[in-house]
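Residue numbers (the working numbering), protein chains in the order written: chain F, 1 to 280; chain W, 1001 to 1280; chain P, 2001 to 2280.
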Amino acid sequence: MASKLLVFQSDFGLLEGYVSQMYGISAQVDPALKMYDITHNIPQFDVWKGSYSLYQSCYAWPKETVFVSVVDPGTGTHRRRVVVLTKAGHYIVSPDNGSLTHIKNCVGIEEIREIDETKNRVKGSENSDLFLGRDVYAYTGAKLASGIITFKEVGPKVDVESIHSFNLSKPRIIGSEAIGSMDIVDGHFGMLWSNIPIEHLEELNVKYGDYLNIIIYYKRQQMYKNRVLFGQSFTSVEKGEDLVYKNAIGNVAIGTSLENFAHKYNLKAGMGWSISIITN
Amino acid sequence: MASKLLVFQSDFGLLEGYVSQMYGISAQVDPALKMYDITHNIPQFDVWKGSYSLYQSCYAWPKETVFVSVVDPGTGTHRRRVVVLTKAGHYIVSPDNGSLTHIKNCVGIEEIREIDETKNRVKGSENSDLFLGRDVYAYTGAKLASGIITFKEVGPKVDVESIHSFNLSKPRIIGSEAIGSMDIVDGHFGMLWSNIPIEHLEELNVKYGDYLNIIIYYKRQQMYKNRVLFGQSFTSVEKGEDLVYKNAIGNVAIGTSLENFAHKYNLKAGMGWSISIITN
Amino acid sequence: MASKLLVFQSDFGLLEGYVSQMYGISAQVDPALKMYDITHNIPQFDVWKGSYSLYQSCYAWPKETVFVSVVDPGTGTHRRRVVVLTKAGHYIVSPDNGSLTHIKNCVGIEEIREIDETKNRVKGSENSDLFLGRDVYAYTGAKLASGIITFKEVGPKVDVESIHSFNLSKPRIIGSEAIGSMDIVDGHFGMLWSNIPIEHLEELNVKYGDYLNIIIYYKRQQMYKNRVLFGQSFTSVEKGEDLVYKNAIGNVAIGTSLENFAHKYNLKAGMGWSISIITN
């Protein structure tokens, strides 16, 4: 009872037909598949962002949905090509290059299988590794989503702990301060998302309507400091005012009402970016 | 006999997974849904453009198609969240924030129902209003498109006249002059679309091949003045020449052959922009 | 036994609802159609690129897939509107304006039929030729993909040789030199694709690991000259180094590892661009 749902993510963009070719190969496997996207605008070669994006979006889809994620600066190197079954019941087809960092650390991995390319690869493509997105990842994802192969038939089991993962710092509470990393800039609205679960603010007795002292650092340098309202929505503040809020995945985020927070203060996110929330 | 067709529009862009999350939630409601888009590149918070875009595109789809439109600068405020049945037989799920202006004025509304969120909202999302696109609009649209709920089961009926609408001026004929508003710039080709129905030109005995005196105003300031051919297609004029023509929704529009009309003359559209067509 | 697969390509972009209107009309023809895209970001009016893009992507899709390609600078002129059956078993609905150049020359055309618009055109659209993408091309493609009409019912047969085609130079071998045209820049990664089949390098006894002298010309002017590795993937070279490789359609291509080759050396492709590969 396969899901028939195949959802793609890549850094290929939509200027060229690369995404279409992955769709086409998948439709050859099973024209009944329903194919959709997370995004193909992951910044080129940005494995961190690709990893985070899976974490951001997979949860919304039905169990058994098969995701194909291809963000792979070193496409063709002999890194493993794997399919992951997450603890939430989703399958993710991806290179084992760090793309599964947030899925492993924030969602959890039930089981990993390495793709057996003697079976799960487009026939005749063995001599070229230039378009693995089509020949291995989409093709295997399509076979799995269509029910042509089971998860076991992807290939041999691999140790979950052996998977390549970036170092993620854990969010902490120290006295009346919540500390965490700034993981991602929301590219469209410019909000910054931290890894601090909203529960950490609750432990510190923060309530909607409270003001918080927020400092954002890049390495040890202070990049932003402000006293900011913790509110339920951006209508709690005036246009141009900042707001701390609970984002779509239950973490602390910060943005500016009707403006682009990251552009306004010239902030980024990812490796080296952190946040301190002082509650009194 | 639900349509199973669910068509999205928003100002979310496609850089992030927001659209995908709306798709995912909808696929959870019913994986058999066929999901498509109008566009997700409505300029951010541009409710006018979102309203016009519904008017521009809904007509092409089958009756019973369910549209989900989320352009909502004040997401989370206690404006009503509604589903509209248009006189053309389409359903539109949207905030009642002006997004339905052109549908109301140019297509007509048969009936409006306010979404009863005790029933039509993702379970567990009640405490956060930050992603209503997913939790209320897409979720309700998916239930309606899949036939899980009927239109009645959306929630209580609302007075059609109570809906929030921008002021639209009506196109008029004064002597040998047709007057109207300039409603929209076609972002890709740069044509300007007026609200003057082609029938107004016919009433003035204008025929293909005639030249018209066109003046475009911003407020009372003249921004463009030219004598322009009224033709059936852009092949009626040379590259770089302007043309008045009948657009996809039957109104008078103006563009430049193989060039971007709006960029060329530095014109915009929307509130404050108007056009005068003098036929002799 | 129609494919039910309808795949679109255009230069309409995704800012406006034009693509959605083609989808909508097609869903009216048959809501069971599965609709996807190659891309809608063909540079505006760039028929050459549209032609090449069909060649680049169609092959990946199942036989019987119907493609609708609308890149038409002179939309509305009385050029023929046709459906092509390729030697690979795909259908392509397109204006006969050069868009089928690469399909004809590189894939081969089995049969062409001119669209009979007395039957295969949206009712009531006869008086406006401004949106043929919707009224003729998408509509006819949808009827064909859904099985409502057979290929024969598209309209009368047309001589394959009568089709409008750009002049394509043929790749040649002269002594130890392979010569060809530079057909396309891959917009996202900036690789340049030639029309030289990889077999020409094999005839010259080139093997993976060999270095080749590459010269790229615009008309008679030398734009790039370098000694470049012929490798299986970009991991054969360091970041910033160039690589000659076999592209997705079996031709010689050249790019830079983890950088944009075309931007780096200020190169383009298409008419007037050629490449010389000297193997010793």
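For each residue, glycine too, the CB sits at the ideal point set by N, CA and C.
Review point. The segment 14 to 25 of chain F: which residues have C-beta closer than 7 Å to a C-beta of chain P, in chain order?
Key: Result list: LEU14, LEU15, GLU16, GLY17, SER20, GLN21, TYR23, GLY24 and ILE25.
Practice item. Name, please, each residue of chain P whose Cβ falls closer than 9 Å to the Cβ of TYR1091/W. Key: Translated into positions along the second sequence, residue 1091/W becomes position 91. By Cβ distance, chain P contributes nothing, its closest Cβ being about 14 Å from TYR1091/W, past 9 Å.
Practice item. Could you tell me which chain W residues have their CB closer than 8 Å to the CB of PRO2043/P, listed as they occur along the chain? Key: What you label residue 2043/P is simply residue 43 of the third sequence in a count that begins at 1. Neighbours of PRO2043/P on chain W: none; closest Cβ ~11 Å, over 8 Å.
Review point. Name the chain F residues whose beta carbon is nearer than 8 Å to that of ASN2247/P?
Key: Position 247 of the third sequence, counted from the start, is the residue given in the question as residue 2247/P. Here the neighbours are LEU130.
Exercise for review: Please state whether DSSP places PHE1261/W in a helix, a strand or coil.
Suggested key: As a position in the second sequence, residue 1261/W is number 261, starting the count at 1. Note: PHE1261/W maps to helix in three-state DSSP.
Practice item. Determine, using beta carbons only, whether TYR1036/W comes closer than 8 Å to chain P. Key: Locating residue 1036/W in the second sequence gives position 36, counting from the first residue. Yes, TYR1036/W lies at the interface with chain P (some Cβ there is under 8 Å from its Cβ).
Exercise for review: Helix, strand or coil for GLN232/F, going by three-state DSSP, please let me know.
Suggested key: As a working note, residue 232/F is residue 232 in the first sequence. Residue state, collapsed to three classes: coil.
Check your understanding: Using the beta-carbon of each residue, which ones in chain W are nearer than 8 Å to PRO2031/P?
Key -> In the third sequence, residue 2031/P corresponds to position 31, counting from 1. By Cβ distance, chain W contributes SER1003, LYS1004, LEU1005, LYS1034 and PRO1062.
Practice item. Figure out for me which residue from GLU2114/P, VAL2136/P and GLU2111/P has the closest Cα to the Cα of VAL2122/P. Key: The sequence position of residue 2122/P within the third sequence is 122, counting from 1. Shortest Cα-Cα distance from VAL2122/P to any of GLU2114/P, VAL2136/P and GLU2111/P involves VAL2136/P.
Exercise for review: Give, in chain order, every residue of the segment 2223 to 2236 of chain P whose Cβ lies closer than 7 Å to some Cβ of chain F.
Suggested key: For the segment 2223 to 2236 of chain P, the set of positions with a beta-carbon nearer than 7 Å to some beta-carbon of chain F reads GLN2232, SER2233, PHE2234 and THR2235 in chain order.
Exercise for review: Measure from the alpha carbon of PHE2067/P to the alpha carbon of each residue in THR2039/P, VAL2047/P and TRP2048/P, then state which is nearest.
Suggested key: Walking along the third sequence from the start, residue 2067/P turns up at place 67. With distances taken between Cα atoms, PHE2067/P lies closest to THR2039/P.
Check your understanding: In terms of residues, what are the limits of the beta strand (DSSP E) holding LEU5/F?
Key -> Here residue 5/F is taken as the residue at index 5 of the first sequence, counted from 1. Under the DSSP assignment, LEU5/F falls in the beta strand (DSSP E) whose first and last residues are 5 to 10.
Review point. Between the beta-carbon of SER233/F and the beta-carbon of ASP1046/W, is there less than 8 Å?
Key: Here residue 233/F refers to the residue found at position 233 of the first sequence. Here residue 1046/W refers to the residue found at position 46 of the second sequence. No. Outside cutoff.
Check your understanding: Where GLY2203/P and GLY1187/W are concerned, what is the direct C-alpha to C-alpha distance, given to the nearest angstrom?
Key -> Sequence index remark: in the third sequence, residue 2203/P carries index 203 (1-based). Sequence index remark: in the second sequence, residue 1187/W carries index 187 (1-based). Just to set this straight, residue 2203/P is Glu in the shown sequence, not Gly. So the two alpha carbons sit approximately 50 Å from each other.
Check your understanding: If you draw a straight line from the alpha carbon of LEU2005/P to that of LYS1219/W, how long is it in whole angstroms?
Key -> For this step, residue 2005/P is matched to residue 5 along the third sequence. For this step, residue 1219/W is matched to residue 219 along the second sequence. Their backbone Cα atoms lie some 49 Å apart in a straight line.
**Study point:** Own chain residues within Cβ distance below 6 Å of GLU2110/P, not counting five before or after
**Key:** By one-based count along the third sequence, residue 2110/P stands at place 110. Counting only residues of its own chain and dropping the five nearest sequence neighbours on each side, GLU2110/P has a CB closer than 6 Å to the CB of LEU2085 and LYS2087.
Check your understanding: Can you name, in chain order, every residue of its own chain whose Cβ lies under 7 Å from the Cβ of SER1194/W, other than the five neighbours on each side?
Key -> Locating residue 1194/W in the second sequence gives position 194, counting from the first residue. Counting only Cβ-Cβ distances below 7 Å, and skipping sequence neighbours, we find GLY1180, SER1181, MET1182, ASP1183, ASN1251, VAL1252, ALA1253 and ILE1275.
Exercise for review: Spell out whether any CB of chain W is found under 8 Å from the CB atom of GLN56/F.
Suggested key: Looking up residue 56/F in the first sequence gives position 56. Yes, GLN56/F counts as interfacial toward chain W.
Practice item. Would you list the one or two residues that DSSP bridges to ASP1210/W? Key: Within the second sequence, numbered from 1, the residue matching residue 1210/W stands at position 210. ASP1210/W pairs with nothing; no bridge assigned.
Exercise for review: Starting from ILE1173/W, trace the beta strand (DSSP E) both ways and give me its first and last residue.
Suggested key: The residue labelled residue 1173/W in the question sits at position 173 within the second sequence. Per DSSP, ILE1173/W belongs to the beta strand (DSSP E) from 1172 to 1174.
**Study point:** Beta-carbon proximity check, PHE973/W vs LEU1212/W, cutoff 8 Å
**Key:** Residue numbering for chain W in the displayed model covers 1001 to 1280; residue 973/W lies beyond these limits and cannot be assessed.
Point to revise | Whether SER1010/W touches SER2020/P by CB criterion (8 Å) | key: Residue mapping note: residue 1010/W aligns to position 10 of the second sequence, counting from 1. Residue mapping note: residue 2020/P aligns to position 20 of the third sequence, counting from 1. Going by C-beta atoms, SER1010/W is not nearer than 8 Å to SER2020/P.
Review point. For GLY1013/W, which residues of its own chain have a beta-carbon under 7 Å away from its beta-carbon, when the five flanking residues on both sides are left out?
Key: Here residue 1013/W refers to the residue found at position 13 when the second sequence is read from its first residue. HIS1040 and ASN1041.
Practice item. Figure out for me which residue from LYS239/F, VAL228/F and GLN221/F has the closest Cα to the Cα of LYS268/F. Key: Taking the first sequence and counting its residues from 1, one reaches residue 268/F at position 268. Each of LYS239/F, VAL228/F and GLN221/F was checked against the Cα of LYS268/F, and the nearest Cα belongs to GLN221/F.
Exercise for review: Pull up the CB-CB distance for TYR1052/W and HIS1090/W, whole angstroms please, since I reckon it's below 8 Å.
Suggested key: If you number the second sequence from 1, residue 1052/W lands on position 52. If you number the second sequence from 1, residue 1090/W lands on position 90. Cβ-Cβ separation between TYR1052/W and HIS1090/W: approximately 16 Å, too far for a contact (criterion under 8 Å).
Review point. Skipping 5 residues on each side, what residues in its chain have a beta carbon closer than 6 Å to that of VAL1070/W?
Key: As a working mapping, residue 1070/W is identified with position 70 in the second sequence. Around VAL1070/W: SER1010, GLY1133 and TYR1137.
Check your understanding: How would you label MET2271/P, buried or exposed, when you count the other beta carbons within 10 angstroms and need 16 or more for buried?
Key -> Taking the third sequence and counting its residues from 1, the one referred to as residue 2271/P is at position 271. Exposed is the call here.
Check your understanding: Nearest CA to the CA of ILE2092/P: which residue from THR2118/P, GLY2050/P, LYS2119/P and GLU2126/P?
Key -> As a working note, residue 2092/P is residue 92 in the third sequence. The residue with the shortest Cα to Cα distance from ILE2092/P is GLY2050/P.
Review point. When the cut-off is 8 Å and only beta carbons count, does ALA1027/W lie next to chain F?
Key: Numbered from 1 along the second sequence, position 27 holds the residue referred to as residue 1027/W. For ALA1027/W, the nearest CB of chain F lies under 8 Å from its own CB, placing it at the interface with that chain.
**Study point:** Span separating the alpha-carbon of LYS1104/W from that of ASN2127/P
**Key:** In the second sequence, the residue the question calls residue 1104/W occupies position 104. In the third sequence, the residue the question calls residue 2127/P occupies position 127. Put simply, the backbone Cα of LYS1104/W is about 28 Å away from that of ASN2127/P.
Exercise for review: Measure the alpha-carbon distance for ILE277/F versus LYS170/F and round it to whole angstroms.
Suggested key: As a working note, residue 277/F is residue 277 in the first sequence. As a working note, residue 170/F is residue 170 in the first sequence. Roughly 15 Å separates the two Cα atoms.
Point to revise | Where ALA2145/P falls: helix, strand or coil (DSSP) | key: Sequence index remark: in the third sequence, residue 2145/P carries index 145 (1-based). DSSP, reduced to helix, strand and coil, places ALA2145/P within a helical segment of the structure shown.
Check your understanding: Considering only the beta carbon of each residue, do VAL2083/P and VAL2160/P sit closer than 8 Å?
Key -> Taking the first residue of the third sequence as position 1, residue 2083/P is located at position 83. Taking the first residue of the third sequence as position 1, residue 2160/P is located at position 160. Judged by their CB atoms, VAL2083/P and VAL2160/P are not nearer to each other than the 8 Å cut-off.
Check your understanding: Should GLU1117/W and PRO1156/W be called a contact, given that it needs their Cβ atoms to be closer than 8 Å?
Key -> Taking the second sequence and counting its residues from 1, one reaches residue 1117/W at position 117. Taking the second sequence and counting its residues from 1, one reaches residue 1156/W at position 156. Not closer than 8 Å, so no.
Review point. Using a beta-carbon distance cut-off of less than 8 Å, what residues from the segment 1251 to 1278 of chain W approach chain P?
Key: Within the segment 1251 to 1278 of chain W, the residues whose Cβ lies closer than 8 Å to some Cβ of chain P are LEU1258, listed in chain order.
Exercise for review: Please check if any C-beta of chain W sits within less than 8 Å of the C-beta of PRO2197/P.
Suggested key: Residue 2197/P sits at position 197 when you count from the first residue of the third sequence. PRO2197/P does not count as touching chain W.
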